[in-house]
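Below: the structure, in structure tokens.
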Amino acid sequence: MTTRGGLGKGKCRTACGSAETSSRSTSPSSRADVSRFVWAATAELRSAETRRMRTLMMCRTGRHSSTRLPWIRAIACRSPMRRFPPAALVVSVFLAAGTLPAQETHPFSVHDMLAMERLSEPQMSPDGSAVAFTVRSTDLEANRGRTDLWIAPLDGSEPRRLTTNEAADFHPRWAPDGDALFFLSTRSGSSQVWRLPVSGGEPHQVTDLPLDAGNLVVSPDGRRIVLTMDVFVDCETLDCTAERLEERASGKTTGVAYDDLFVRHWDVWKDGRRSHVFLLELDDSGAAAGEPVDLMRGLDQDAPPKPFGGAEEIAFGHGGDAVIFASRLGGTEEAWSTNFDLYLAPADGSAPPVNLTASNPAWDSHPALSPDGGTLAWLAMERPGYESDRFHVRLARLDGARLEDERALTADWDRSVSGLAFSADGRTLYVTAADLGQRSLFAVDVAGGEVTRLQGEGAIAGLAVSGERLVTLHNDLAGPSELYVSAPDGSGRSPLTAINAEQRAAARVGSYEQFTFAGWNDETVHGYLVR
Numbered sequence: 001m002t003t004r005g006g007l008g009k010g011k012c013r014t015a016c017g018s019a020e021t022s023s024r025s026t027s028p029s030s031r032a033d034v035s036r037f038v039w040a041a042t043a044e045l046r047s048a049e050t051r052r053m054r055t056l057m058m059c060r061t062g063r064h065s066s067t068r069l070p071w072i073r074a075i076a077c078r079s080p081m082r083r084f085p086p087a088a089l090v091v092s093v094f095l096a097a098g099t100l101p102a103q104e105t106h107p108f109s110v111h112d113m114l115a116m117e118r119l120s121e122p123q124m125s126p127d128g129s130a131v132a133f134t135v136r137s138t139d140l141e142a143n144r145g146r147t148d149l150w151i152a153p154l155d156g157s158e159p160r161r162l163t164t165n166e167a168a169d170f171h172p173r174w175a176p177d178g179d180a181l182f183f184l185s186t187r188s189g190s191s192q193v194w195r196l197p198v199s200g201g202e203p204h205q206v207t208d209l210p211l212d213a214g215n216l217v218v219s220p221d222g223r224r225i226v227l228t229m230d231v232f233v234d235c236e237t238l239d240c241t242a243e244r245l246e247e248r249a250s251g252k253t254t255g256v257a258y259d260d261l262f263v264r265h266w267d268v269w270k271d272g273r274r275s276h277v278f279l280l281e282l283d284d285s286g287a288a289a290g291e292p293v294d295l296m297r298g299l300d301q302d303a304p305p306k307p308f309g310g311a312e313e314i315a316f317g318h319g320g321d322a323v324i325f326a327s328r329l330g331g332t333e334e335a336w337s338t339n340f341d342l343y344l345a346p347a348d349g350s351a352p353p354v355n356l357t358a359s360n361p362a363w364d365s366h367p368a369l370s371p372d373g374g375t376l377a378w379l380a381m382e383r384p385g386y387e388s389d390r391f392h393v394r395l396a397r398l399d400g401a402r403l404e405d406e407r408a409l410t411a412d413w414d415r416s417v418s419g420l421a422f423s424a425d426g427r428t429l430y431v432t433a434a435d436l437g438q439r440s441l442f443a444v445d446v447a448g449g450e451v452t453r454l455q456g457e458g459a460i461a462g463l464a465v466s467g468e469r470l471v472t473l474h475n476d477l478a479g480p481s482e483l484y485v486s487a488p489d490g491s492g493r494s495p496l497t498a499i500n501a502e503q504r505a506a507a508r509v510g511s512y513e514q515f516t517f518a519g520w521n522d523e524t525v526h527g528y529l530v531r
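In my numbering, the protein residues as written are 1 to 531.
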């Protein structure tokens, strides 16, 4: 039996044949009698065995058990040398007979939090009929996590798991024809690009690079992919970086000399490498054709920006003939600079990247192209050096390697935008933003900038858009993220997944409500009360 509450082996006790029999001979004859009898019989557990019972209540098996009552599942033979008290044996007998009238729950704990499946990265299929996503599970006994690919049809039929490999499968991206998913996986021993037929079949490996690949983006025609790799800027080849890393690992010294900052950025020690954007051509079968091209060759800067930047900082432009990415200029000012910019590089690497947003000394991020490829939207701050400034949306017409007719779309809106995506017709931008203690979904009219709140309860952690549907990854204080589908105006929201249904049914969480009070200078302060 696998425990999912974080308890070690031997914590779940048993009611096996060696348990003592009870001296009580009471035989309840009605449902009410059963309830009274069980309550009386468990008095011993509620007093002398309280600590043991708490341990029992937290021990749980995997989510595919035949019963949905986790504390009942805990009464399984685990350690034959230990005994339940008589009351526990009596309770187990009644449970086996199916006489307990109601499902028991336990208070939500850290063990329940760790046992929840983590959904992420919703990706809409090209025809808008399904969404691919990832699910991360935690194996507490093995002290490791695993990530698999899933797919959920938008017609409400059952979601299905696409991969079951022990390695991590993540970052799904659709091929333009909708027949396959490109994704990253560590199943070959390092993070590489793979391709999986959605209708069935085995995945095949697209890349076999000497370095780990990350941040996968597929071109509109499916003939090119962008990925990132950490390289030494002075190395001409990927093998050069790999060999230098091997030399360091086999060396007898571990000291490192730094001549500029960062030394450590958040939780990562800098080792001299930079994350660069590479482009790889694909053949008709979706396999790699040639070697990846470094679009940032010689640049001493990271793309996407570290430590939090991801694939949302990279986009194809000009129908796949150019790549736009966010990066911050390196040098002695990097450690305290917030001057991130958007760069455009030709896909063949024939010219160095061009800074599209050099006129803004503050932060530029999250490039997104309209469906026709003519309009670039992105997030921008106004105050240099202030990383907590408000992100607003800017728009411009992309003309070659220049931005024309640039304008601020949400300059007067008192919200900081965290994500954005164009509607299928290009007339609306769907954005997420922090909103009174929540992360809400809004629609912004591209022509006039009018903002409409579409969904405001809880937090939107991901978004996928098609012509007729919106898919959101939503969570709140009552439960973890699940996928929901709604109309383009946010109405008619219904669940697509219930991956954590069993875990939620077993754990009892408090009800919550938002409240307000007057703070300093009579400003309204929002808070939450959890009962």
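The beta-carbon is built from N, C-alpha and C at its ideal position, and this holds for glycine as well.
Bear in mind the structure is a predicted one, so any value in this text is a computation, not a measurement.
*Go ahead and label D364 buried or exposed: buried means 16 or more other beta carbons lie within 10 angstroms of its beta carbon, across all protein chains shown.*
Counting Cβ neighbours within 10 Å, D364 comes out buried, since at least 16 surround it.
Exercise. Starting from the N-terminal side, write out each stretch of the alpha helix (DSSP H) that is 4 residues or longer and does not extend beyond the segment 209-289.
Key: Uninterrupted alpha helix (DSSP H) stretches at least 4 residues long and entirely within the segment 209-289 occur at 238-250, given in chain order.
- [ ] Please report the Cβ distance between L379 and H366, rounded to the nearest whole angstrom; I am assuming they are in contact, meaning their Cβ atoms lie under 8 Å.
- [x] Contact between L379 and H366 holds: their C-beta atoms lie close to 4 Å from each other, under 8 Å.
Report the residue from T338, M381, V193 whose alpha carbon sits nearest the alpha carbon of V393.
-> Closest by C-alpha distance to V393, out of T338, M381, V193, is M381.
**Report entry** Any beta strand (DSSP E) of 3 or more consecutive residues that is wholly inside the segment 355-399
**Finding:** Runs found: 364-369, 375-380, 392-399.
Between G492 and V485, what straight-line distance do the alpha-carbon atoms span, to the nearest angstrom?
If I take the Cα positions, the gap works out to 8 Å.
Would you mind giving the Cβ-Cβ distance between F183 and M229, rounded to the nearest angstrom? I have them listed as a contact below 8 Å.
The Cβ separation is near 17 Å, so there is no contact.
Legend entry - Euclidean distance between Cα positions of A498 and K252: When rounded, the distance between both Cα atoms is 52 Å.
Contact check, L280 vs T207 under 8 Å by CB: the rounded distance? That belief holds up - the Cβ atoms of L280 and T207 are roughly 7 Å apart, short of 8 Å.
Fill in: Buried or exposed by the 16-neighbour rule on C-beta atoms within 10 Å, applied to Q455
With a threshold of 16 other beta carbon atoms within 10 Å, Q455 meets it and is buried.
### Same chain, Cβ closer than 7 Å to S494, neighbours up to 5 away in sequence not counted
Sequence-distant partners of S494 (beyond 5 residues in either direction) whose C-beta falls short of 7 Å from its own C-beta, in its chain, are Y484, V485.
| said: Given this structure, state the Cα-to-Cα distance separating T21 from N500, to the nearest angstrom. | reply: Residue placement at T21 is poorly supported in this model, since its pLDDT is 36, which falls under 50; the coordinates still yield a value, given next. Between T21 and N500, the C-alpha separation is close to 38 Å.
Pick from E246, P159, P203, L140 that is closest to D179, judged by C-alpha positions = Ranking the options by Cα distance to D179, first place goes to P203.
Check: If we cut at 8 Å on Cβ distances, does T163 have a partner in chain B?
Finding: No chain B is present in this structure, which holds just one protein chain.
* Option nearest T357 by Cα separation, candidates D341, T138, P480 -> Comparing Cα-Cα distances from T357 to each of D341, T138, P480, the minimum goes to D341.
(message) Check this for me: beta carbons of L436 and T472, under 8 Å apart or not?
(response) For L436 and T472, no; Cβs fall outside 8 Å.
Check: Is it true that the CB of D445 sits closer than 8 Å to the CB of A459?
Finding: Cβ distance not < 8 Å, so A459 and D445 don't count as in contact.
* How many angstroms separate the CA atom of R274 from the CA atom of L398? -> Computed Cα separation, rounded: 28 Å.
Quiz item: If A424 and V451 are in contact, beta carbons under 8 Å, what's the gap, nearest whole angstrom?
Solution: For a cut-off of 8 Å, the C-beta gap from A424 to V451 is around 20 Å, too long to register as a contact.
Tell me H526's beta-bridge partners as DSSP assigns them. Per the DSSP secondary-structure output, H526 pairs in a beta bridge with T516.
**Nearest to T164 (by Cα), restricted to the options E158, R136, N143** = Per the Cα distances, R136.
Short of 6 Å in beta carbon distance, which residues of its chain neighbour S191, apart from the five on each side in sequence? Order them along the chain.
Excluding residues within five positions, the ones whose Cβ falls inside 6 Å are L184, D212, A213.
Determine the extent of the alpha helix (DSSP H) in which Q192 is found, giving its start and end residues. Segment 192-197 is the beta strand (DSSP E) holding Q192; no alpha helix (DSSP H) there.
Does the segment 313-324 come into contact with the segment 221-237, if we say contact requires no fewer than three beta-carbon pairs (one atom in each stretch) closer than 8 Å? Yes, the segment 313-324 is in contact with the segment 221-237.
inquiry  = Can you list, in chain order, the residues of its chain with a C-beta nearer than 7 Å to that of T332? Leave out the 5 residues immediately preceding and following it.
reply    = Within the same chain, and ignoring the five residues on either side of T332 in sequence, the residues whose Cβ sits closer than 7 Å to its Cβ are D260.
Under the rule that 16 or more other beta-carbon atoms within 10 Å means buried, what is H171, buried or exposed?
That one is buried.
Tell me the start and end of each unbroken beta strand (DSSP E) in the segment 401-467 that is at least 3 residues and wholly inside, in chain order.
-> If you keep only unbroken beta strand (DSSP E) runs of at least 3 residues inside the segment 401-467, you get 402-408, 417-422, 428-435, 438-445, 451-455, 459-465.
(request) With DSSP as the reference, please indicate the residues paired to S494 in a beta bridge. (result) Answer is V485, bridged to S494.
| query | Between D112 and the rest of its own chain, which residues show a CB-CB distance below 7 Å, the 5 nearest in sequence each way excluded? | reply | If we look at D112 and ignore the five residues flanking it on each side, its Cβ neighbours are Q503, A507.
Specify the secondary structure class of E121 as computed by DSSP and reduced to three states. Reduced to three states, the DSSP call for E121 is strand.
* Quick one: what's S137 bridged to in DSSP? -> Answer is R146, bridged to S137.
Quick one: Cα of S511 to Cα of L162, how far? Near 35 Å, if we compare the C-alpha coordinates of L162 and S511.
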